[in-house]
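This report concerns only the one structure given below.
Numbering (this note's numbering), first residue to last: -14 to 196.
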């Protein structure tokens, strides 16, 4: 889809593509008229809400799990009395997200703000999957049902994730927003390691869960 949009925009004009909020709508008007533009706008809005809700939900559940295991303040482990959802974590991460994205967009501009959060989210997600992949063979061996596939397949996936991290930094031009993103990311990872060392998590299983 992105390739088609860039071609439609014109490869020679690619540098101006991200100067517009939703350039796809401009192309929709150009090639499909008002009706196509309205359909595109509806899809873009739906996609934005869906993506944002998925991320906020995932972060809230991570915060809830960490709080339950004492790796985060226990206050976040409380669930809604009726819906049983981690509402405290969801409210806090939504507020923090709004403030953070607004501030970054205001200071660095929408594109650079997106670049900074994209680096944070992309690298953090890749590292998370890398750690899970690394843990799987040890977990299955400890539980007594280890197979070589538990080591080989995750290792292949981990190599791909490491390549993604490598390619992200190699293909990203050095600029102030990139430096800010990298410095904050490294600082956050170091702080996380120190915090984890000082206060290791204590895994608490809920009914029906296994370790």
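Note that CB positions come from ideal geometry on N, CA and C, so glycine has one too.
CB contact flag (residue 82, residue 90, <9 Å): As a first step, residue 82 must be located in the chain shown, where it is residue number 97. As a first step, residue 90 must be located in the chain shown, where it is residue number 105. No. Outside cutoff.
Where does residue 56 fall in DSSP's three states? Indexing the chain shown from 1 puts residue 56 at position 71. If DSSP states are grouped into helix, strand and coil, residue 56 belongs with coil.
Evaluate contact between the region 68 to 75 and the region 43 to 57, counting only Cβ atoms and requiring at least three cross-stretch pairs below 8 Å. With a cut-off of 8 Å, the region 43 to 57 and the region 68 to 75 count as touching, because enough Cβ pairs lie within range.
Mapping the DSSP letters down to three states, classify residue 86 as helix, strand or coil. Looking up residue 86 in the chain shown gives position 101. Of the three classes helix, strand and coil, the one that applies to residue 86 here is helix, per DSSP.
Could you please give the first and the last residue of the uninterrupted alpha helix (DSSP H) stretch that includes residue 176? The residue you call residue 176 lines up with position 191 of the chain shown. Counting along the chain, the alpha helix (DSSP H) containing residue 176 begins and ends at 161 to 183.
Is the distance from the Cβ of residue 107 to the Cβ of residue 150 below 9 Å? Within the chain shown, the letter at position 122 stands for residue 107. Within the chain shown, the letter at position 165 stands for residue 150. Going by C-beta atoms, residue 107 is nearer than 9 Å to residue 150.
Going by other Cβ atoms of all chains shown within 10 Å of its Cβ, with 16 needed for buried, is residue 62 buried or exposed? Along the chain shown, one-based indexing puts residue 62 at 77. Per the 10 Å Cβ criterion, buried.
Classify residue 118: buried if its beta carbon has 16 or more other beta carbons within 10 angstroms, exposed otherwise. For the purposes of this step, residue 118 is taken as the residue at position 133 of the chain shown. It counts as buried.
Kindly give me the distance between the Cβ atoms of residue 13 and residue 21, rounded to whole angstroms, as I take these residues to be in contact under 8 Å. The residue you call residue 13 lines up with position 28 of the chain shown. The residue you call residue 21 lines up with position 36 of the chain shown. Yes, residue 13 and residue 21 are in contact; Cβ-Cβ is about 4 Å, under 8 Å.
Cα-Cα separation, residue 42 to residue 3: Position 57 of the chain shown holds residue 42. Position 18 of the chain shown holds residue 3. Whole-angstrom Cα-Cα distance: 28 Å.
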